[in-house]
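> Protein chains in written order, with the UniProt record's numbering: chain F, 1 to 334; chain L, 1 to 334.
Ideal Cβ placement from N, Cα and C applies to all residues, glycine included.
Written out as C-alpha cells, the structure is:
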C-alpha cells in the first residue's frame, strides 16, 4: 500500500478498514486475529476475551467525562460486547512534557471510579513521557481481559434475517459533545457525552434472553458504521425505521445546523443489539429499567435482501440507502 | 502531587517511581496491581501473566531493529521475566498524519517476524490517527498474555542473600545505539541494538534449574535501575564485581567520551538473573550456548548487609556505592 496516513485512516470508516486489511491483517493474520471488538481465546480451558484501544480524545476533558473515564468505558464495553465479564485492565500512558500532574490525578481518579463501577481491576501499567510538542497532552491505551459467559456466542457474523435491531439509548451524544467542546463552530448547546461502562447493561440483557446474536458498541464511526460492519460480516441487509431512532433535541439541533448525520456521530455508552424479534420487546422492557439505557428502542430489522446494505425508511414512507461510512473527518473523538 | 510532568518522569528512574506511587498506585491499588514486569492473575484455574508497554522510541528505526520489533520484544520479555510463556499479543497504534504507509508496513513486518520467532500470536489491535504535530511519528502499545510455567515463582521480591547476579550479555547497547542514531553528539560508532525476544533464553534457563528467584529485563534505566529495584523489593544488598560486567568496546568508548555509566544505559535483549549460587555456573554454560546470551556473565552476588544498596568492587580492590538511579535525561529510548 502506498501513500501517507491521513486523518481519514483514523476516522473508523472505510479508510480505517482498508488500512487494517492491507497493512495489519496482511502481516498479523492468524486464526485468532479478531474482526470483532475483542479476540476470544482459549486459556486454561476457559474462554478469554482480549481487547485493546488507544484513547487520544481532544480535549482530554469534556462534559460527561474525561479521557480516563473514556479509556475504561471503551475497554469494558468492548469486552461486554463479546459477552465477557470484564476482569482485568492494563493502562499505558504517554504523557507530554509539561502536562499538569493535578490533571493527571483527575484522570486517574476517573479511571478508578469507572473501573470500580464496572467491577474490574487495573492490574498493570506503563508510563512514558514524550517531549513538548511530541504528543498532544495525554494518550492512554487500555487493554482488557474478560471471561466469556457460558452460553454467550456473540459475533458480528451472527446477525440473522428477522432479527430486531435495537439501540440502547439516544445516539450521537459523545461525538456531538466533543465537537462542541472544541469550539470550532461557535455553537453552544447543552450536550453531555453518553460515556458509560455497560457491563451491567449486557448482564441484564443476558438475564432476560440468551437469543442475542451480535452486540457492538457504537463508538468511532457511530451507529451507522456498526450497521454496515454487521451487514457485511453477517452477509445480511438492514432496514431502519427513521422515526424510531432516538436522538436528543440537542444533538438533532447541532446536526441540523452543521449538516451532520446523527447515525455517524460517535457514542461511548450505546450498544447496537441484534436479537431474535420474539425477544425484542422483552429486551426493551429490561433496558428501559437500566441506568444507561432508558431510551432504548427497536430501530429496524435484519433482512435477507440487499446483503451488505443499510436502508432507511423515511418519515413520509419512502426508502433511501444510508450512505456508507467513509471520509468523515472528525478525528480524535475517542 | 503538584507540578508538571518532566522528561525525568519518563526516564524509568526515581521520578518515574514517584509518579507511579503517588498518582497511579494511589488510585489503582488492588491486590493484583503489580510492581513486577507483569501481573500474575488467576484465570479459569490457570496462572496468567499480563503486561503492557507503550513504545515511543525516536528515531523509530535504528541499527538492529525498529519500533515494531522493539514493541514485540519488550512485551515478550516482560512475560518471560515472570516465567510465563508468551501466548497472545495486542497492539494499538497511534500514528501521526503524514506518516508513510510504506514505513508502517516495515514496522508491521518486523512485528510479525519477531512474534513468529517468539511463538506468539497478535490477536487484537487498534488504529488511531493524530493530526500533524500532535504525535511524533508512530507510537505502539503492546499488551501481552502469557501462561506462567508450573513451578515458576519469580518476583523482584524473591532475591536472597547468597544468590548470584547474572547478566545474559554485554550491556548498554540499545541505549548507546539510540543515542548515536539521534546524531546529537556528532559521534559515530559501530553500535547495534541488542533488541531480541528472550522467551527461548528463559526456557533454556528453566530447563537447567528451577532455582531462579528473580528475572528482569534491563530496559529503560538499564541494569543499574534493575539492581536497585530488586535490592529494594527484596530488602537485600547487591555487590558487583566491576571487572566482570560485560560491556562491548563500542559502548565503552561512547560512554567514555560522553561520561555515561553503561550500567544505566538501556538494554532491550538482556536479562538480569538472580539464582542460587550453586546453579550459577550451570546457567552460564547454558546461556553461552544460546542465540542471545553468548556473553552471559556472573557480575555479582546478593548480600545480607547494606539492604537496598548496590556496591561496586573496583578494579583496584576498592569499593564504591553505585549512584542510585534518577535524573537520567535520555527520553524516548523505548
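Under 8 angstroms by Cβ, that's how I've got residue 262(F) and residue 172(F) pegged, so tell me the actual separation to the nearest angstrom.
Confirmed, about 4 angstroms.
> What are the partner residues of residue 338(F), as DSSP defines its beta bridges?
Because chain F is modelled from 1 through 334, residue 338(F) falls outside the range shown and cannot be assessed.
> Could you give the DSSP three-state label for residue 2(L): helix, strand or coil?
In the structure shown, residue 2(L) sits in coil (DSSP, three-state: anything other than H, G, I, E or B).
> Restricting to Cα atoms, I'd like to know which of 19(F), 292(F), 35(F) and 29(F) is closest to residue 200(F).
The candidate whose alpha carbon is nearest that of residue 200(F) is 292(F).
> Between which two residues does the beta strand (DSSP E) containing residue 260(F) stretch?
Here residue 260(F) belongs to no beta strand (DSSP E), and DSSP marks it neither H nor E.
> Using a Cβ cut-off of 8 angstroms, pull out every chain F residue sitting near residue 9(L), in sequence order please.
Neighbours of residue 9(L) on chain F, chain order: 95, 127 and 129.
> Compute the Euclidean distance between the alpha carbons of residue 184(F) and residue 42(F), then round it to the nearest angstrom.
Their backbone Cα atoms lie some 47 angstroms apart in a straight line.
> Just to confirm my understanding: we take residue 366(F), look at its own chain, exclude 5 residues before and 5 after, and list those with CB closer than 7 angstroms. What are they?
Not covered by the structure: residue 366(F). The range shown for chain F is 1 to 334.
> Between which two residues does the alpha helix (DSSP H) carrying residue 377(F) extend?
The structure shown does not extend to residue 377(F), since chain F is modelled only from 1 to 334, so the question has no answer here.
> Is it the case that the Cβ atoms of residue 147(F) and residue 130(L) are separated by a distance below 8 angstroms?
No, the Cβ-Cβ distance between residue 147(F) and residue 130(L) is not below 8 angstroms.
> Using only alpha-carbon positions, find the residue among 206(F), 269(F) and 7(F) that is nearest to residue 167(F).
Nearest of 206(F), 269(F) and 7(F) to residue 167(F), Cα basis: 269(F).
> Is it right to say residue 13(L) is buried, meaning 16 or more other beta carbons lie within 10 angstroms of its own, or is it exposed?
When all chains shown are included, residue 13(L) counts as buried.
> Would you mind telling me which residues of chain F sit closer than 7 angstroms to residue 82(L), beta carbon to beta carbon, in chain order?
By Cβ distance, chain F contributes nothing, its closest Cβ being about 11 angstroms from residue 82(L), past 7 angstroms.
> Select from 253(L), 260(L), 324(L) and 111(L) the residue whose C-alpha is nearest the C-alpha of residue 90(L).
Here the closest residue by C-alpha is 111(L).
> Could you have a look at residue 239(L) and say whether DSSP puts it in helix, strand or coil?
In this structure, residue 239(L) counts as strand in the three-state DSSP scheme.
> Report yes or no: is there a C-beta of chain L within less than 8 angstroms of the C-beta of residue 393(F)?
This structure leaves residue 393(F) out entirely; chain F is present only between 1 and 334.
> Counting only beta-carbon atoms, is residue 43(F) nearer than 8 angstroms to chain C?
The chain labelled as chain C is not found among the protein chains of the depicted structure, namely F and L.
> Would you identify the three-state DSSP class for residue 78(F), choosing helix, strand or coil?
Helix at residue 78(F).
> Rounded to the nearest angstrom, what separates residue 87(L) and residue 113(L) at their Cα positions?
For residue 87(L) and residue 113(L), the distance between alpha carbons rounds to 15 angstroms.
> Please determine, among 259(F), 247(F) and 128(F), the residue with the shortest C-alpha to C-alpha distance to residue 193(F).
Here the closest residue by C-alpha is 247(F).
> Rounded to whole angstroms, what is the Cα-Cα separation between residue 75(L) and residue 190(L)?
Going from the Cα of residue 75(L) to the Cα of residue 190(L) covers about 27 angstroms.
> Per DSSP, which residues does residue 121(F) bridge with? Please list them.
Beta-bridge pairing links residue 121(F) to 88(F).
> How big is the Cα-Cα spacing for residue 26(F) and residue 132(L)?
Looking at the two C-alpha atoms, the distance is approximately 26 angstroms.
> Should residue 257(L) go down as buried or exposed, given a rule of 16 or more other Cβ atoms within 10 Å for buried?
Exposed: under 16 other Cβ atoms inside 10 Å.
> Whole angstroms are fine: how far does the CA of residue 290(F) sit from the CA of residue 178(L)?
Going from the Cα of residue 178(L) to the Cα of residue 290(F) covers about 53 angstroms.
> Grab me the residues of residue 230(L)'s own chain with a C-beta within less than 6 angstroms of its C-beta, minus the 5 sequence neighbours each way, in chain order.
Excluding positions up to five away in sequence, the list reads 156, 159 and 214.
> Whole angstroms are fine: how far does the CA of residue 310(L) sit from the CA of residue 322(L)?
Straight-line Cα distance between these residues: approximately 6 angstroms.
> Is residue 265(L) near the ligand GTP - that is, is its Cβ less than 7 angstroms away from at least one heavy atom of it?
Among the components modelled here there is no ligand, and therefore nothing to report on the ligand GTP.
> Might you give, ordered along the chain, the residues of its own chain that have their beta carbon closer than 7 angstroms to the beta carbon of residue 295(F), omitting 5 neighbours on each side?
Around residue 295(F): 169, 170 and 246.
> With 8 angstroms as the C-beta to C-beta threshold (strictly closer), list the residues of the segment 12-30 of chain F near chain L in chain order.
Those residues of the segment 12-30 of chain F that come within reach of chain L (Cβ to Cβ, closer than 8 angstroms) are 16, 19, 20, 23, 24, 26, 27, 28 and 30.
> Taking C-beta pairs closer than 7 angstroms, name the residues in chain F that residue 121(L) reaches, listed in chain order.
Going along chain F in sequence order, the residues near residue 121(L) (Cβ under 7 angstroms) are 30 and 32.
> Compute the beta-carbon to beta-carbon distance between residue 334(L) and residue 219(L), rounded to the nearest angstrom, for a pair I have assumed lies under 8 angstroms.
With a Cβ gap of about 6 angstroms, residue 334(L) and residue 219(L) count as contacting.
> Relative to the C-alpha of residue 233(F), which residue among 126(F), 240(F) and 216(F) is closest?
Among 126(F), 240(F) and 216(F), the Cα nearest to that of residue 233(F) belongs to 216(F).
> So if I threshold CB-CB distances at 8 angstroms, which residues from the UniProt domain "PurM-like C-terminal" (160-311) of chain F count as touching chain L?
Result list empty, no residue passes.
> Show which residues of chain L have a CB atom less than 7 angstroms away from the CB atom of residue 35(F).
By Cβ distance, chain L contributes nothing, its closest Cβ being about 10 angstroms from residue 35(F), past 7 angstroms.
> In chain F, which residues lie with their C-beta within 8 angstroms of the C-beta of residue 38(L)?
Per Cβ cutoff of 8 angstroms: 124.
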